[in-house]
Every structure is written in C-alpha cells, then in structure tokens.
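Terminal number for the sequence shown in this note's numbering: 337, no gaps in between.
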Amino acid sequence: MAELLKRLSEANGVSGNETAVRDIIAAEIKNDIDDIIIDSMGNLIAYKKGADSSKAIAVTVNTDEAGFIVSSITDKGYIKFKPVGNIDPRKIISKRVNIGGKIKGVIGMKAIHLQTKSERENVVPVSKLFIDIGAKNKADAEKSVNLGDYVTFDTKFETIGAAVKGKALERSGGCRALIQALKENYPYDVYACFLAQSEVGARGAFIASHRLNVDAVLTVSAADTTDMHGCETDRGGAALGDGAVVNYSDKTAIADRNLTDRMIKLARGEKIKVRERALKNAAGDLGAMQTGGAASLGVVIPCRYSRSPVSIMSKDDITAVSEYISLYLNKIGDIT
Numbered sequence: 002m003a004e005l006l007k008r009l010s011e012a013n014g015v016s017g018n019e020t021a022v023r024d025i026i027a028a029e030i031k032n033d034i035d036d037i038i039i040d041s042m043g044n045l046i047a048y049k050k051g052a053d054s055s056k057a058i059a060v061t062v063n064t065d066e067a068g069f070i071v072s073s074i075t076d077k078g079y080i081k082f083k084p085v086g087n088i089d090p091r092k093i094i095s096k097r098v099n100i101g102g103k104i105k106g107v108i109g110m111k112a113i114h115l116q117t118k119s120e121r122e123n124v125v126p127v128s129k130l131f132i133d134i135g136a137k138n139k140a141d142a143e144k145s146v147n148l149g150d151y152v153t154f155d156t157k158f159e160t161i162g163a164a165v166k167g168k169a170l171e172r173s174g175g176c177r178a179l180i181q182a183l184k185e186n187y188p189y190d191v192y193a194c195f196l197a198q199s200e201v202g203a204r205g206a207f208i209a210s211h212r213l214n215v216d217a218v219l220t221v222s223a224a225d226t227t228d229m230h231g232c233e234t235d236r237g238g239a240a241l242g243d244g245a246v247v248n249y250s251d252k253t254a255i256a257d258r259n260l261t262d263r264m265i266k267l268a269r270g271e272k273i274k275v276r277e278r279a280l281k282n283a284a285g286d287l288g289a290m291q292t293g294g295a296a297s298l299g300v301v302i303p304c305r306y307s308r309s310p311v312s313i314m315s316k317d318d319i320t321a322v323s324e325y326i327s328l329y330l331n332k333i334g335d336i337t
C-alpha cells in the first residue's frame with residue numbers, strides 16, 4: 002500500500018493540472034479494466050465489464066489537490082501567488098513548495114518586527130505572502146518561473162506507525178482504495194471515475210454525473226477529523242481509526258437513506274469496520290453526483306490536517322474503505 006500511496010501523494014495535481022496523477026492511476030489499473038476515457042474536464046473514467054450488463058454501478062474519487070498558482074513576479078524576484086482551492090493561510094508560512102514541478106521555494110512574509118500591529122494580531126492574507134526561490138531579481142526569476150505555473154507543497158511521504166503522512170492524502174487515500182477494489186470482478190458493469198477539479202467546486206463531478214447513465218453511485222472522499230487535542234467536546238466528526246465513515250449527509254447532499262442503511266448492515270455482516278456520520282461541515286462530490294439522478298451514497302476516509310502541507314491518514318481506514326467499495330460493487334445492484 003505505502004509505495005503507491007507515496008507516488009500518489011508526492012505527485013503534483015493542483016486542480017486543473019491532474020495529468021501526473023491520472024498517469025499513475027491509468028498505469029495501475031490498465032490490466033484490471035476494459036476501457037478508459039479522459040473527458041474534456043480531465044476526468045478519467047474507467048469501464049470494467051461485469052457478468053451482467055443490465056445494470057451499471059459507479060464509484061467516484063477525486064484526483065486533485067488544493068494548492069496555488071503563480072500570479073505575478075515582483076521586481077526583486079519574489080513570486081506572488083493565488084490559492085487554488087480552500088487552504089488556511091495560517092498553515093502555509095515558511096513551508097517549502099514546488100513550482101511547476103521543478104523549482105523549489107519557501108513561502109515567506111516580512112519579518113515580525115516590520116509587521117503592523119494588525120498583521121501581527123490577525124491572520125495574514127495570501128496577498129501579503131510571497132514565494133522566495135533565491136532569485137536575484139525579476140529577470141532572474143523569469144528564467145525558471147512563468148505566470149500560471151502551479152505550486153504544490155514540497156512534502157516527503159512517510160509511514161508513521163499504522164498511519165501515513167504526506168500532502169494530498171485527501172485524494173491519494175481514496176484513489177488507492179478504488180484502485181485496489183478494481184482488482185476484483187463484479188456482477189454488473191462498473192464505472193470507476195477519477196474526477197478532476199473537485200477542490201474548486203466539484204466541477205468534474207458535475208460533468209461526470211450527466212455523462213454517466215448508472216443505477217447507483219458511491220462517492221469516496223476524505224473528511225477532516227475532530228479527534229485532535231482541543232476538540233474533545235466535538236463528537237460529531239470523524240476520527241482516525243473509524244474505518245469507513247458512511248456519510249448520511251453533508252453541506253450539499255443527503256445520501257439515499259434506504260441504501261445507506263442496507264449497506265451498513267451488509268458491511269457489519271462482513272466484519273468491515275464502518276461508522277455512521279452526518280458530516281454537516283464536510284462537502285465532497287456527493288451533491289454534484291446526485292444531480293445526474295442516480296441513487297447516491299457516500300463514504301469518507303478520516304484525515305487529519307487536510308488541505309495543508311502535511312496530513313495524516315490511517316492505513317487501516319484506507320483498507321476498510323476499499324473493502325466497503327468492493328462490497329458495494331458486489332451487492333448494490335441487487336438491492337437497488
């Protein structure tokens with residue numbers, strides 16, 4: 002598991018620039034599926050023929066990560082940037098980044114003794130930050146950096162005990178779970194959808210939902226945990242070790258209650274670790290996929306410190322979600 006997770010995590014895949022991640026996925030699944038298409042949005046949709054083509058079942062995960070895009074270069078050679086996706090600016094100062102997949106830099110701001118009282122006491126907006134690549138001036142910086150270059154965190158993936166840490170685990174854990182599930186054969190036709198631009202408004206999901214003609218769809222995403230120090234009074238969120246967190250609802254969607262309840266019962270019968278949650282503060286691709294009209298369910302992998310330079314995820318939770326996907330693909334066609 003760790004080797005593939007490492008490649009997925011360390012690949013650069015800011016929304017709109019998912020090519021490197023798609024290439025890894027396509028290479029991993031090519032022997033387990035019957036066809037692949039990549040649509041105009043950048044979604045990779047893999048088709049796996051089932052024993053019976055009277056029904057079609059879909060599973061979705063996202064392939065993108067939150068990051069930045071170069072917006073300008075100052076006369077002194079500092080790189081200005083804008084966020085792509087929802088990133089807390091408090092998490093990014095002094096963090097190492099990678100520009101265009103080749104240039105290393107550090108996110109900086111002016112020294113504390115030069116800051117105004119307001120800057121010291123409030124969250125500093127991204128507009129006040131810059132990336133230092135060690136350039137002498139603008140002309141020097143322009144030799145290696147272009148406007149529109151994508152910027153990702155430069156984070157080494159590592160295994161820590163029963164967990165893993167790295168950037169972009171929100172997408173990497175789900176992709177790993179679905180890739181593993183595709184190694185099995187299923188009773189009905191399967192569409193495995195690796196979606197683009199989820200972090201900027203589920204854009205890939207909206208396109209895929211109207212492209213597919215399926216009987217049911219399961220969206221796989223990640224959810225911020227509430228099991229850290231200082232969150233002891235919050236019992237409504239996910240926690241590392243919860244397994245497959247089955248999502249009844251979130252900010253944008255309400256899952257099919259009947260099918261969700263039946264899947265939970267089946268999962269427990271198969272000794273798959275599951276936990277039910279109504280994740281009121283989370284939002285994935287479930288709401289967008291519902292617009293296509295298929296019966297829709299959601300499952301999430303707990304993730305600490307998501308959309309930050311480094312996140313933590315349990316390997317056991319990823320395994321539980323992969324097992325849940327396989328169970329869904331084996332059983333949902335018979336209960337819809």
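The C-beta atom is built at its ideal place from N, Cα and C for all residues, glycine as well. Nothing here was measured: the structure is a model prediction, and the numbers come from that model.
Checklist entry - Counting only runs that start and end within the segment 51 to 77, where is the beta strand (DSSP E) found for 3 or more residues in a row? => result 53 to 63 and 68 to 74
Checklist entry - Alpha carbon to alpha carbon, how far is Val71 from Asp150? => result Walking along the sequence shown from the start, residue 71 turns up at place 70. Walking along the sequence shown from the start, residue 150 turns up at place 149. Within the model, the alpha-carbon separation for Val71 versus Asp150 is close to 5 Å.
Item to check | Nearest to Gly51 (by Cα), restricted to the options Thr64, Ser297 and Asp36 | outcome: Stepping through the sequence shown from its first residue, residue 51 is reached at position 50. Per the Cα distances, Asp36.
Checklist entry - How many Å lie between Phe69 and Pro84 at the Cα? => result As a first step, residue 69 must be located in the sequence shown, where it is residue number 68. As a first step, residue 84 must be located in the sequence shown, where it is residue number 83. If you take the alpha carbons of Phe69 and Pro84, they lie about 4 Å apart.
Next on the checklist: Determine whether the beta carbon atoms of Glu66 and Thr153 lie at a separation below 8 Å.
Outcome noted: Within the sequence shown, the letter at position 65 stands for residue 66. Within the sequence shown, the letter at position 152 stands for residue 153. Going by C-beta atoms, Glu66 is nearer than 8 Å to Thr153.
Checklist entry - Which residues mark the beginning and the end of the beta strand (DSSP E) in which Glu159 is found? => result Along the sequence shown, one-based indexing puts residue 159 at 158. Here the beta strand (DSSP E) through Glu159 covers Glu159 to Ile161.
Item to check | Per-residue DSSP class, three states only, for Pro303 | outcome: Taking the first residue of the sequence shown as position 1, residue 303 is located at position 302. Looking at Pro303 - three-state DSSP - the assignment turns out to be strand.
Checklist entry - What are the boundary residues of the alpha helix (DSSP H) that Ser210 is part of? => result Within the sequence shown, the letter at position 209 stands for residue 210. Residues Arg204 to Arg212.
Checklist entry - Where does Glu185 sit, in a helix, a strand or coil, going by DSSP? => result Residue mapping note: residue 185 aligns to position 184 of the sequence shown, counting from 1. Reduced to three states, the DSSP call for Glu185 is coil.
Checklist entry - DSSP three-state call for Asp36: helix, strand or coil? => result The residue labelled residue 36 in the question sits at position 35 within the sequence shown. Correct three-state label for Asp36: strand.
Checklist entry - Who are Leu45's beta bridge partners in DSSP? => result Translated into the one-based positions of the sequence shown, residue 45 becomes position 44. Looking at the DSSP assignment, Leu45 forms a beta bridge with Ile39 and Phe195.
Next on the checklist: Report the CB separation of Asn138 from Gly78 in whole angstroms; it is logged as a contact under 8 Å.
Outcome noted: For the purposes of this step, residue 138 is taken as the residue at position 137 of the sequence shown. For the purposes of this step, residue 78 is taken as the residue at position 77 of the sequence shown. With 8 Å as the limit, Asn138 and Gly78 qualify as a contact, their Cβ atoms being about 5 Å apart.
Next on the checklist: Which of the three DSSP states is assigned to Tyr249 in this structure?
Outcome noted: Within the sequence shown, residue 249 is the residue found at index 248, counting from 1. DSSP places Tyr249 in strand when its eight states are reduced to three.
Checklist entry - So, helix, strand or coil for Thr292, using DSSP? => result On the sequence shown, residue 292 is found 291 positions in, with the first residue counted as 1. The answer is coil: DSSP assigns Thr292 none of H, G, I, E or B.
Checklist entry - Is it a yes or a no for the segment 242 to 257 touching the segment 206 to 214, going by three-plus beta-carbon pairs under 8 Å? => result no
Checklist entry - Do Val191 and Leu298 have their C-beta atoms closer together than 8 Å? => result Position 190 of the sequence shown, counted from the start, is the residue given in the question as residue 191. Position 297 of the sequence shown, counted from the start, is the residue given in the question as residue 298. No, these two residues do not count as a Cβ contact at 8 Å.
Checklist entry - Quick one: what's got a C-beta closer than 8 Å to Arg121's C-beta in the same chain, skipping five residues either side? => result Position 120 of the sequence shown, counted from the first residue, corresponds to residue 121. Here the set comprises Ile113.
Next on the checklist: Taking 8 Å as the threshold (C-beta atoms), are Val275 and Tyr339 in contact?
Outcome noted: With the chain running from 2 to 337 in the structure shown, residue 339 is simply not present.
Item to check | Per-residue DSSP class, three states only, for Ser315 | outcome: One-based indexing of the sequence shown puts residue 315 at position 314. Note: Ser315 maps to strand in three-state DSSP.
Checklist entry - How is the alpha helix (DSSP H) around Asn259 delimited, first residue to last? => result Along the sequence shown, one-based indexing puts residue 259 at 258. From DSSP, the alpha helix (DSSP H) with Asn259 extends over Arg258 to Gly270.
Item to check | Unbroken stretches of the beta strand (DSSP E), 3 residues or longer, contained in the segment 110 to 166 | outcome: 131 to 133, 151 to 154 and 159 to 161
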